[in-house]
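Worksheet for the structure shown next.
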Amino acid sequence: MSTEQILSSDGLPLEVSLRKAERKNKLKALFLVGPLFLFLIITYVFPIGDMLFRSIDDRKITKMLPNTFTAIEKWDGQNLPEEPVYAALYEDLAYLKKTKTYGKIIARLNYEKGGFSSLIKKTVRKLGKFEDGNYKEQFINVHKRWGQPEYLVALKNAAPNWTYAKYLKGVDLKFDQNGDIVQQPEDRRIHKILWLRTLKVAFWVTIFCFILAYPISYLLATLPMKYSNLLMICVLLPFWTSLLVRTSSWMVLLQQQGPINDLIVMLGLAANDNRPELMYNVIGTFVAMTQILLPFMVLPLYSVMKTISPSLMRAGKSLGGTPFVAFRKIYFPLTVPGIGAGSLLVFILAIGYYITPALVGGASGSLISNTIAYHMKSSLDWSFAAALGTMLLVGVLTIYWIYNKLVGIDNIKLG
Amino acid sequence: MAKNKEFVKFDNVDKSYDGKILVVKGLNLDIEEGEFVTMLGPSGSGKTTCLMMLAGFETPTHGEIYLDGKVISNIPPHKRGIGMVFQNYALFPHMTVYENLAFPLRVRKIPKDEADKKIDKALSMVSLHGFEARMPMQLSGGQQQRVAVARSLVFDPQVVLMDEPLGALDKNLRESMQYEIKHIHESIGVTVVYVTHDQTEALTMSNRIAVFNDGKVQQLSSPDELYEQPVNSFVAEFIGENNKFAGQVTDISGDKCKVKLDNGVEILANPIAVKAKGEKTKISLRPERAIIDPKDKMDNNHKGKIEEIIYHGDHTRLRVDLLGNKDFILKVPNSTARLDLKKGNELNIGWNSVDCRALDPK
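Residue numbers (the numbering used here), protein chains in the order written: chain P, 1 to 415; chain L, 1001 to 1362.
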């Protein structure tokens, strides 16, 4: 092989000359892509990064008890710590009392161990009577809990800047006083149920959507233009309607005195005084979510089916396959990319669905996203909401990864 | 064993899609066993509809279709045992060549070793040995077409239908495929019904050609008869090149008649579709049957002026103004003794009345 450099007609190496010629185009392209890139960073990369960061960030309390945490670092956690720890604690609490900000650490420490609330409040109240020196004794005199190692262990556990305790809480685990990971008490294990319910609902909604969407898409792809356009509008019309309006319509339809219940009673399937509950439970969530997510299954399926030539089915039949065999061996395998795309889309949307389960799901039909919303808006535990959100994101990415391994993302067809 | 003359029989078949227009009108057509019959016609003439009715994808609105003496209208497509090659090949894109060919055998529950032998035979017939593991997308158009042909033959069907199978190929490939399909037909003797709008294809391959127009068979005959002896103006126009004169019959006796053309000149013609004096007619004359400066005595001799000279490689076409027809075409072979042709020259043109067919005036 000759390694001789190829020169362009003006004597420059070909590569250099090519780069020069392309530079203007590259700049133009960058200029066009720039705004979008910026937009993505501001609206996508930054919020997600912030969410990840917030879920493990535990620096607030570190800033409020700086001396205590520095001092407690050397303590082995076995016997009661020495005098310097208590001295540092006095210094920090005195400052917090002066600035009247000690309330903020109470919630955080109480989360670590119950009982800190009264402990801190009482200590702060009596802080003015403290004398210099021998703080350890004075603290224990104010409240005997200062003499119990487990409270000081809890204090030590709150010291690190970063923590993954919120993630443990998300799967009903926690740190015990020794820093080991243990299960939450039985009556507080709610998140595992929610996760499982979310996966179950997303799975079944995907299945229902598939069962309903397949024949619709087939009709859309095979009917004459006149009818298929009409059908397409029927599929898309709900798509153009506000999500809230659609969900509220379901509330009207599904309520106990609603038309669907009326129909059930009229058909004699249930007694009038024993109307089935179709809403504020998991049934409502299933029905409404399936209807709302149906277009996301129909559209990829339709666009794949549209590309399947009708002569393939004819060929299958003329070669001796019954209509069923021709469908199973020829038509169905060719629609698999569409099924994959639609299912992935519906599943991922369903797993993070919020408004519909919130409105029609009730207690037994609410999903993990409702819990995230609760922690965002009501309990104001944003870091926990962020941890749950991150877990959801990781879950979706995992599903995507598994799908890619099993089917191959290149096989997805959205159109 | 005598061959069944009516192996495939269309008996007075009508077909309408919308209840307003008949696409096929009272079609009668008999196809002999082992014959290669082409349905030829312009688009919308009903030829593909006929094929689809035979395959079972469309049902006749009226009339019956017989296959080997049995009425097939109530037999679904998959039980008819008719092989079919589609316009766009219709190979199953998710199956290899082998699987494509195995499909008709598998649904018939033919044991694997026997199926393998059949597939082997079919692939060697279209000279595609060694392509078993390829996907259809990895094949060229011509190769895909061969796979489609092999697949339609692999299960030994009684009849093979081909719906414009060569339409998507380029010219050279199309020609070689024509010969290939013709040879396959000759070697295995299967009955083939072929649909095309390409007359060269039809003339090359067929035993008999059914020319379709307006939902009817205009003429069913062998390629040479179709070209030499068209029975009506549509066939004369549709097949090959044709010079035409409109006129009126002034005298008729035996195999000759006198026709007075629109410009007043009388010529001698062969009465095919005219019976009596006074009938309107259209005269058809093939370009190669008109001779320049004839040495022998001809029935008709007239002078024409060259309007245009078009060079075509092996021959030169002349557009001549003759007897009021400014589009009269003449073909002159490009032999070494070339005539000195110039635009505006006067030529002496002669032809016999046998070749000059007086047909219906349409």
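Don't be surprised by glycine CBs; every beta carbon is placed ideally from N, CA and C. Just so you know, these numbers come straight off a predicted model, no measurement behind them.
Item	Value
Pull the bridge partners of residue 1333 (chain L) from the DSSP assignment, please.	L:1315
DSSP on residue 1038 (chain L), reduced to helix/strand/coil?	strand
Show which residues of chain P have a CB atom less than 7 angstroms away from the CB atom of residue 1108 (chain L).	320
Which residue marks the beginning of the alpha helix (DSSP H) containing residue 120 (chain P), and which one marks its end?	116-126
Residues of chain P with CB closer than 7 angstroms to the CB of residue 1104 (chain L), please, in chain order.	319 and 320
Taking residue 50 (chain P) as the reference, give the member of P:383, P:285 and P:198 with the closest Cα.	P:383
When you compare the CB of residue 1055 (chain L) with every CB in chain P, is at least one pair closer than 8 angstroms?	yes
Name the DSSP bridge partner or partners of residue 1010 (chain L)?	L:1029 and L:1065
Quick check: the Cα distance between residue 1098 (chain L) and residue 1135 (chain L), rounded to an integer number of angstroms?	9 angstroms
Taking residue 320 (chain P) as the reference, which of L:1118, L:1046 and L:1156 has the closest Cα?	L:1156
Are residue 1358 (chain L) and residue 1249 (chain L) touching if we call contact CB-CB under 8 angstroms?	yes
Comparing alpha-carbon positions, which option in P:348, P:367 and P:216 lies nearest residue 401 (chain P)?	P:348
Checking 8 angstroms against the spacing of the C-beta atoms, do residue 355 (chain P) and residue 243 (chain P) come in under that value?	yes
Residues in its own chain within less than 8 angstroms of residue 1011 (chain L) by CB, not counting five upstream and five downstream?	1028, 1063, 1064, 1065 and 1066
Rounded to whole angstroms, what's the CA-CA distance from residue 180 (chain P) to residue 393 (chain P)? Just pull it up for me.	26 angstroms
In terms of residues, what are the limits of the beta strand (DSSP E) holding residue 1350 (chain L)?	1346-1351
Residue 1191 (chain L) and residue 1034 (chain L) - do their beta-carbons sit closer together than 8 angstroms?	yes
Spatial neighbours of residue 5 (chain P) within its chain, please: CB distance less than 8 angstroms, with the 5 preceding and 5 following residues excluded, ordered by chain position.	13 and 14
Starting from residue 1078 (chain L), find everything on chain P with Cβ-Cβ shorter than 9 angstroms and list it in chain order.	316, 317, 318, 319, 320, 321, 322, 323, 325 and 326
If we ignore side chains and look at the alpha-carbon of each, how far apart do residue 1255 (chain L) and residue 1239 (chain L) end up?	24 angstroms
Tell me, which residues are paired with residue 1271 (chain L) by DSSP?	L:1358
What would DSSP say about residue 1302 (chain L), mapped onto helix, strand or coil?	strand
Examine chain P for any beta-carbon lying closer than 8 angstroms to the beta-carbon of residue 1094 (chain L), and answer yes or no.	yes
Taking 8 angstroms as the CB-CB limit, is residue 301 (chain P) close to chain L?	no
Under the three-state reduction of DSSP, which class applies to residue 183 (chain P): helix, strand or coil?	strand
Under the rule that 16 or more other beta-carbon atoms within 10 Å means buried, what is residue 1242 (chain L), buried or exposed?	buried
Any idea what DSSP makes of residue 277 (chain P), helix, strand or coil?	coil
Give me, in chain order, the residues of the same chain whose beta-carbon lies closer than 8 angstroms to that of residue 375 (chain P); leave out the 5 immediate sequence neighbours on both sides.	381, 382, 384, 385 and 388
Taking Cβ-Cβ distances below 8 angstroms as the criterion, which residues of the segment 337-352 of chain P are in contact with chain L?	none
If you reduce the DSSP assignment to three classes, tell me which class residue 1139 (chain L) lands in.	coil
Shortest alpha-carbon distance to residue 1328 (chain L) belongs to which of L:1092, L:1287, L:1345 and L:1293?	L:1287
Assign residue 222 (chain P) to one of three DSSP states: helix, strand, or coil.	helix
Just confirm the distance between the C-beta atoms of residue 1207 (chain L) and residue 1234 (chain L), as a whole number of angstroms; I'd bet it's less than 8 angstroms.	Wrong, their Cβ atoms sit about 22 angstroms apart, outside the cutoff.
Taking only beta-carbon positions, decide if residue 228 (chain P) is within less than 8 angstroms of chain B.	No chain B appears in the structure shown, which is made up of the protein chains P and L.
Flag this pair as yes or no: are the beta carbons of residue 294 (chain P) and residue 237 (chain P) separated by less than 8 angstroms?	no
Do residue 1343 (chain L) and residue 1321 (chain L) have their C-beta atoms closer together than 8 angstroms?	no
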